[in-house]
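**Student:**
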Amino acid sequence: MKNTKKIVCLLLVLCFCFAFAACHKKNETAVKVGSLKFSSGYYACVLFFTDSQARSKVEEELTDKGESTENINYYKHKIDGKSYVKWVEEETIKTIKKIAACKLYCKENELKLGEDEAQMKSYAEYYWDQGYSQVLIENGVSKETYVKYMTDLSYEDLYFNHIYGAEGEEAISAEKLSEELSENYAVADMLDVDFSSISEDEKTTKTEQLKGYVEDLTKGTRTFEEIYHEFNGDEHNSDEEEAGDDTTAKPLDSHATFIGNKDTDYSNDYFDDIYAMETNAVKIIDKKDDAGQILVVKKDVMEDPYYLSNYDTVLRHSIADDDFDKKIEKDIKKLGFKEYKRATGRFNVKKIYYPETQQSQQQEQ
């Protein structure tokens, strides 16, 4: 799950039009880790996505500070105390080292990707054919390299599951998974009202509407199902597909939202407030900075077998990611490493091009 989300993010990144020119020889080695060699094109591919990650970090930081995310000069910002460019370059090398460590571990332990390999190749080829080929080619990345990179990302999951999966060497117990779910995650029915673009009178109307819903839910005169469809202006479809005897095929409550604490991939700003509520309790939570209100009906995440089953991988990563990262770090230290500067030096982070903003950024440098 962890790596799947990462892969989806990489695919979405390609919806933007980047371009940076760097001439390099075909199959030229840019980085060597252990017995694995990575070409200049592969380095360019990783650099491309790492830069996008860096930009997202800068934007998130500005958003958290309440500052504008328009016309950002990314290169003036620091990430983890490092200059933007230095962070991108170092993180690119770290990513390649991690990929190498995972691939070599899987090779040593005779672990095969199986269906995942074909699936990832299919994903990569699909997006390449959808028009991303032009973007990547302009960035010095061939189809073969892109497909290889996308496929290589699957080795991390393969390694992780070999250690911490249901049948892994250090498999996490069912009890531990249940404990993780109950202590760090929650589910709730929610109606979210945004105040950002409505008048004061409309705010008052919406607030009274939510108060009326709370009263109805508390008295039991209406169900959340009824209120949900009234609020959203649609009708309940009684012909929805049933899950049959499989209680893990879909959640018992189709409107429930799965959330986690701040340290999870499902973090929610109001998790602590919601988690503290009693099961089936109803409450209106005021958003920060008068941004709106949320009507919440707390549910019991342990009552529905769907969550323990379908979020199994999420829970395993929540529990074991720190230990797993330490294992990989140890693997990396055992491997020899060499960066060929004549190859990597041809790629300049500041040459990664965003059509509408790059010119103004370069003028400010």
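Position one of the sequence shown corresponds to residue 2 (the working numbering), numbered consecutively onward. All C-beta atoms in this analysis are idealised placements derived from N, C-alpha and C, irrespective of residue type, glycine included.
Alpha carbon to alpha carbon, how far is residue 126 from residue 50? Give it in angstroms, no decimals.
**Tutor:** The alpha-carbon atoms of residue 50 and residue 126 are separated by roughly 17 Å.
**Student:** For the putative contact between residue 297 and residue 284, defined by C-beta atoms under 8 Å, what is the C-beta separation to the nearest angstrom?
**Tutor:** Sure, about 5 Å apart at Cβ, within 8 Å.
**Student:** If you drop the 5 nearest sequence neighbours on each side, which residues of the same chain put their C-beta closer than 6 Å to that of residue 317?
**Tutor:** Contacts found: 165 and 173.
**Student:** So if DSSP puts residue 254 in a beta bridge, which residue, or which two residues, is it bridged to?
**Tutor:** For residue 254, which the question treats as bridged, DSSP gives no partner whatsoever.
**Student:** In angstroms, rounded to a whole number, what distance separates the CA positions of residue 242 and residue 309?
**Tutor:** Since pLDDT at residue 242 reaches only 49, below the 50 mark, its modelled position is unreliable, and no value is offered.
**Student:** Since I believe residue 180 is in contact with residue 152 (beta carbons under 8 Å), could you give me their beta-carbon distance rounded to a whole number of angstroms?
**Tutor:** The Cβ separation is near 35 Å, so there is no contact.
**Student:** Consult DSSP for residue 75 and reduce its assignment to one of helix, strand or coil.
**Tutor:** Here residue 75 sits in helix by DSSP.
**Student:** Do three or more CB pairs link the stretch 143–163 to the stretch 105–121 at distances below 8 Å?
**Tutor:** Short answer: they touch.
**Student:** Under 8 Å by Cβ, that's how I've got residue 186 and residue 265 pegged, so tell me the actual separation to the nearest angstrom.
**Tutor:** With a Cβ gap of about 7 Å, residue 186 and residue 265 count as contacting.
**Student:** Can you tell me where the beta strand (DSSP E) with residue 338 in it begins and where it stops?
**Tutor:** 338–340 is the span of the beta strand (DSSP E), which, as asked, contains residue 338.
**Student:** Below 8 Å, can you find three or more Cβ-Cβ pairs linking the stretch 73–93 to the stretch 128–142?
**Tutor:** Output reads no: the stretch 128–142 does not touch the stretch 73–93.
**Student:** Spatial neighbours of residue 93 within its chain, please: CB distance less than 6 Å, with the 5 preceding and 5 following residues excluded, ordered by chain position.
**Tutor:** Here the set comprises 47, 48 and 51.
**Student:** Determine, for residue 36, whether the minimum Cβ-Cβ distance to residues of chain B falls below 8 Å.
**Tutor:** In the structure shown, chain B cannot be found, because there is only a single protein chain.
**Student:** Tell me the DSSP secondary structure of residue 65 in three-state form.
**Tutor:** Three-state result, residue 65: helix.
**Student:** Can you list, in chain order, the residues of its chain whose CB lies under 6 Å from that of residue 346, leaving out five sequence neighbours each side?
**Tutor:** Answer for residue 346: no residue qualifies.
**Student:** Could you give the uninterrupted runs of the alpha helix (DSSP H) lying entirely in the stretch 253–292, keeping only those of 4 residues or more?
**Tutor:** For the stretch 253–292, whole alpha helix (DSSP H) runs of length 4 or above, ordered along the chain, are 272–276.
**Student:** So residue 348 is in the beta strand (DSSP E); what residue range does that whole segment cover?
**Tutor:** Taken as a continuous stretch (DSSP letters only), residue 348 belongs to no beta strand (DSSP E), as it is neither H nor E.
**Student:** Is there at least one non-hydrogen atom of the ligand PLP closer than 7 Å to the beta-carbon of residue 220?
**Tutor:** This structure lacks the ligand PLP, and indeed carries no ligand of any kind.
**Student:** Assuming residue 32 and residue 97 are in contact, meaning their beta carbons sit under 8 Å apart, how far apart are those beta carbons, in whole angstroms?
**Tutor:** That belief holds up - the Cβ atoms of residue 32 and residue 97 are roughly 5 Å apart, short of 8 Å.
**Student:** Suppose contacts are defined by Cβ-Cβ distances below 8 Å. Is residue 255 in contact with residue 261 by that definition?
**Tutor:** Contact: no.
**Student:** Curious, which full-length alpha helix (DSSP H) runs of at least 4 residues does the stretch 291–336 contain?
**Tutor:** 306–311 and 313–335, all fully within the stretch 291–336.
**Student:** Using 10 angstroms around the beta-carbon of residue 206, count the other beta-carbons present and answer buried if the total reaches 16, otherwise exposed.
**Tutor:** Classification for residue 206: exposed.
**Student:** Can you check whether the CB of residue 148 is closer than 8 Å to the CB of residue 113?
**Tutor:** It is not a contact, given that the beta carbons lie outside the stated cut-off.
**Student:** I need the boundaries of the beta strand (DSSP E) containing residue 30, first residue and last residue.
**Tutor:** From DSSP, the beta strand (DSSP E) with residue 30 extends over 30–34.
**Student:** Closest to residue 263 by CA distance: which of 35, 252 and 275 is it?
**Tutor:** Among 35, 252 and 275, the Cα nearest to that of residue 263 is on 275.
**Student:** Select from 311, 234, 259 and 43 the residue whose C-alpha is nearest the C-alpha of residue 138.
**Tutor:** Ranking the options by Cα distance to residue 138, first place goes to 43.
**Student:** According to DSSP, is residue 59 part of a helix, a strand, or is it coil?
**Tutor:** Residue 59: helix per DSSP, three-state reduction.
**Student:** Based on DSSP bridge pairs, tell me the residues matched to residue 186.
**Tutor:** 261, per the DSSP bridge assignment.
**Student:** In terms of DSSP beta bridges, what is residue 191 paired with?
**Tutor:** Its beta-bridge partners are 297.
**Student:** Considering only the beta carbon of each residue, do residue 299 and residue 281 sit closer than 8 Å?
**Tutor:** For residue 299 and residue 281, yes; Cβs fall inside 8 Å.
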